[in-house]
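Contents: one structure, followed by commentary.
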């Protein structure tokens, strides 16, 4: 038995150099050490209370982050949580396939992560709220955004609508990568089916790169999900 194998068995840890980590272990490591993509502009769609904005700002301190969150109470928490971060701007709006006003029934507190514009994923007994929906294309044109390095989408089943509203940017190739939450079973109505995302992005020149943060404790019910990264080669 090699010294390395013995050390692994005794410690219970695998040890890798950061640039040798297998793809999918860590999103930031893959972007910085494998893809080696400069990150200057990030769209954080479905920002919730700022978890992703904080993570990305720590990893890419010079990046400008646009955080989109439509639910009023969650947006207030988002603003508070990122108020000390430079170049992070919060927008009280959703992104979707077209500009519109939409009524949703919201979750609150810790369950705010479950809020969705997708009808089958909405709460059924919460507070009804009217939210504004913009498109990525319209927002970018209005705000002079002509380059996005990471389009992150976590919208609980509304990912395809967000992508549809960014089609101009995607067609032009100015979005360099898409990182979004997906499901792996067609019966999972809360998470957008991976095959549908691939079918949308592949013809636009985006290739699947890696799978991250897989949650498979609900495989028996078809409710397993994870996050995937697509890149524009």
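Residue numbers (our numbering): -2 to 230. Ideal placement from N, C-alpha and C gives every residue a C-beta, glycine not left out. Because the structure is a prediction, the values reported are computed rather than measured.
- Contact between residue 189 and residue 148 is ruled out by a C-beta separation of about 14 Å, above the 8 Å threshold.
- The shortest CA-to-CA distance from residue 64 to any of 58, 57, 75 and 55 is the one to 75.
- Residue 137: member of the alpha helix (DSSP H) spanning 133 to 140, first to last residue.
- The residues 43 and 178, in chain order, have a CB closer than 6 Å to that of residue 151 in the same chain once the five nearest residues on each side in sequence are set aside.
- The C-alpha of residue 40 is placed about 10 Å away from the C-alpha of residue 144.
- DSSP places residue 53 in the helix class (H, G or I) of the three-state scheme.
- Counting C-beta atoms within 10 angstroms of its own C-beta, residue 230 has fewer than 16 neighbours from the protein chains shown and is therefore classed as exposed.
- Secondary structure note for residue 205: its beta strand (DSSP E) is the uninterrupted segment 204 to 212.
- Taking the CA atoms as reference points, residue 0 sits about 47 Å from residue 84.
- DSSP, read as helix, strand or coil, puts residue 28 in helix.
- Around the beta carbon of residue 27, 16 or more other beta carbons sit within 10 angstroms, so the residue counts as buried.
- Residue 190 is bridged by DSSP to 180.
- Note on geometry: alpha-carbon atoms of residue 4 and residue 224 lie some 32 Å from one another.
- Shown here, residue 172 sits in a strand according to DSSP, grouped into three states.
- The alpha-carbon separation between residue 127 and residue 67 amounts to approximately 9 Å.
- Taking 8 Å as the cut-off, the Cβ atoms of residue 227 and residue 159 do not count as close.
- The secondary-structure analysis by DSSP pairs residue 124 across a beta bridge with 103.
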